[in-house]
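Visitor: Pasting a structure here, questions to come.
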């Protein structure tokens, strides 16, 4: 089983939780939907991928306009990580 990163999305921010493969909470934090927080998130995803050799599962409910920034970030950044793990 892979790590899971789950998001509870609201206007301009999300509450993020990272669970390990044993379903234990490893990390939690509120992130703003701003470039510095997305860069930090990108680093966390990259570090987990490097450590485990697998992309973490990403889980969030699409909430229309509130989730668009996070959804766009994932579309733009996860594809590049996915190609690195299959090399």
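Numbering (my numbering), first residue to last: 1074 to 1160. Quick reminder that beta carbons are idealized off the backbone N, C-alpha and C, glycines included.
#1: Report yes if the C-beta distance between residue 1143 and residue 1100 is below 8 Å; otherwise report no.
#2: Span of the beta strand (DSSP E) holding residue 1115?
#3: When you compare only the Cα positions, how much space is there between residue 1119 and residue 1125?
#4: Can you find the residues in the same chain that come closer than 7 Å, C-beta to C-beta, to residue 1121, ignoring five residues on each side of it along the sequence?
#5: Give the secondary structure of residue 1103 by DSSP, where H, G and I count as helix, E and B as strand, and everything else as coil.
#6: Rounded to whole angstroms, what is the Cα-Cα separation between residue 1083 and residue 1102?
#7: Between residue 1085 and residue 1105, which are expected to be in contact by the criterion C-beta below 8 Å, what is the C-beta distance as a whole number of angstroms?
Guide: The relevant details are as follows:
#1: Position 70 of the chain shown, counted from the first residue, corresponds to residue 1143. Position 27 of the chain shown, counted from the first residue, corresponds to residue 1100. For residue 1143 and residue 1100, no; Cβs fall outside 8 Å.
#2: Taking the chain shown and counting its residues from 1, one reaches residue 1115 at position 42. It is not in any beta strand (DSSP E) - residue 1115 instead sits in the alpha helix (DSSP H) that spans 1108-1125.
#3: Within the chain shown, numbered from 1, the residue matching residue 1119 stands at position 46. Within the chain shown, numbered from 1, the residue matching residue 1125 stands at position 52. The alpha-carbon separation between residue 1119 and residue 1125 amounts to approximately 10 Å.
#4: For the purposes of this step, residue 1121 is taken as residue 48 along the chain shown, with counting starting at 1. Leaving aside the five residues that flank residue 1121 on each side, the residues in its chain whose CB is nearer than 7 Å to its CB run, in chain order, 1076, 1129.
#5: Looking up residue 1103 in the chain shown gives position 30. Residue state, collapsed to three classes: strand.
#6: Position 10 of the chain shown holds residue 1083. Position 29 of the chain shown holds residue 1102. Each residue's Cα considered, the two are about 14 Å apart.
#7: Residue 1085 sits at position 12 when you count from the first residue of the chain shown. Residue 1105 sits at position 32 when you count from the first residue of the chain shown. That pair is a contact at about 6 Å.
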